[in-house]
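Written below as structure tokens is the structure these notes are about.
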Amino acid sequence: KAGVTQTPRYLIKTRGQQVTLSCSPISGHRSVSWYQQTPGQGLQFLFEYFSETQRNKGNFPGRFSGRQFSNSRSEMNVSTLELGDSALYLCASSLDGTRGVNEQFFGPGTRLTVL
Amino acid sequence: AQTVTQSQPEMSVQEAETVTLSCTYDTSESDYYLFWYKQPPSRQMILVIRQEAYKQQNATENRFSVNFQKAAKSFSLKISDSQLGDAAMYFCAYTGGGSQGNLIFGKGTKLSVKP
């Protein structure tokens with residue numbers, strides 16, 4: 013079974029631009045979560061989608077948004093990029109995301125650099 | 144709010160020796176799950192071991208075992224017979240029983256394995 017895939021793997025943008033990152037979950041998984049990883053703040057939860065609906069959201073500004081398609085693939089968008097948005101963005105999928113028994117499988121991440 | 148604390152930013156172990164990574168957490172929930180994730184330099188996060196709070200028995204996965212002290216809110220990871228491939232960042236993570244796709248991570252411990 014193929015793992016979680018994320019595209020692109022690396023991205024360089026300039027301040028003020030917007031960016032879209034993509035995540036394809038493991039086949040059969042309906043929950044997709046997004047995390048931001050930085051050296052200073054560590055791993056922080058962005059949001060989680062299940063059946064095309066955002067079920068849970070972390071403490072990030074509205075510039076960060078996402079969506080999920082009917083095939084469970086998910087995208088996250090960051091508008092008006094700031095230098096502080098430079099980070100590794102990780103996507104994780106699970107069967108339904110409810111309760112810890114559903115293990116989250118992580119993708120390799122997208123390294124975003126904002127200049 | 145729930146928090147996860149890893150007090151050891153870096154640890155080092157000799158190959159074939161045993162090392163213990165510490166993790167404490169704070170929560171008022173009675174139903175929750177705890178995890179240890181490994182993130183090698185390649186960045187792919189993988190689950191090492193998980194513990195359900197309602198289970199008194201400590202989880203074990205081959206060379207990896209945990210010491211779960213619920214009253215003390217402590218969740219340490221023991222790696223026996225350390226191997227060079229164990230070198231990585233190790234993250235302790237928490238999720239509540241009713242949470243949806245939201246893992247709360249500690250800051251991580253960088254483990255080095257000396258040959």
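If you read the sequences in order, they're chains A and B.
Note that the numbering used here has the first sequence beginning at 13, numbered continuously upward.
Note that the numbering used here has the second sequence beginning at 144, numbered continuously upward.
Backbone N, C-alpha and C fix where the C-beta goes; we use that ideal spot for every residue, glycine too.
- Take the alpha-carbon of residue 194 of chain B and the one of residue 27 of chain A: they are about 42 Å apart.
- Proximity of residue 87 of chain A to chain B, defined by a Cβ-Cβ separation below 9 Å, is not satisfied.
- Counting along the chain, no beta strand (DSSP E) covers residue 72 of chain A, and no H or E run does either.
- A residue is called buried when at least 16 other Cβ atoms come within 10 angstroms of its Cβ; residue 97 of chain A meets this threshold and is buried.
- Contacts with chain B at 9 Å (Cβ-Cβ) include residue 116 of chain A.
- For residue 193 of chain B, a Cβ of chain A is located within less than 9 Å of the residue's own Cβ.
- Counting the other Cβ atoms within 10 Å of the Cβ of residue 218 of chain B gives 16 or more, which makes it buried.
- Interface criterion not met: the Cβ of residue 93 of chain A is under 9 Å from no Cβ in chain B.
- Annotation: the continuous beta strand (DSSP E) that includes residue 90 of chain A extends over 86-90.
- For the region 224-246 of chain B, residues whose beta-carbon sits nearer than 9 Å to a beta-carbon of chain A comprise 234, 236, 237, 238, 239, 240, 241, 242, 243, 244, 245 and 246.
- In terms of beta-carbon proximity, residue 190 of chain B lines the interface with chain A, with at least one pair separated by less than 9 Å.
- Proximity to residue 182 of chain B across B:251, B:227, B:198 and B:154 peaks at B:251, based on C-alpha coordinates.
- At the C-beta level, residue 227 of chain B and residue 57 of chain A stay beyond 9 Å of one another.
- Membership of residue 154 of chain B in the beta strand (DSSP E) is indicated by the continuous run 153-157.
- Here DSSP, grouped into helix, strand and coil, assigns residue 97 of chain A to helix.
- Neighbours of residue 187 of chain B in chain A, taken as residues whose beta carbon is under 7 Å from its own, are 118 and 120 in chain order.
- Judged by DSSP secondary structure, residue 60 of chain A falls within the beta strand (DSSP E) whose first and last residues are 54-62.
- Rounded to the nearest whole angstrom, the C-alpha separation of residue 60 of chain A and residue 122 of chain A is 17 Å.
- Residue 229 of chain B sits in a helix when the DSSP states are folded into three classes.
- When Cβ-Cβ separations below 9 Å define contact, residue 248 of chain B makes contact with chain A.
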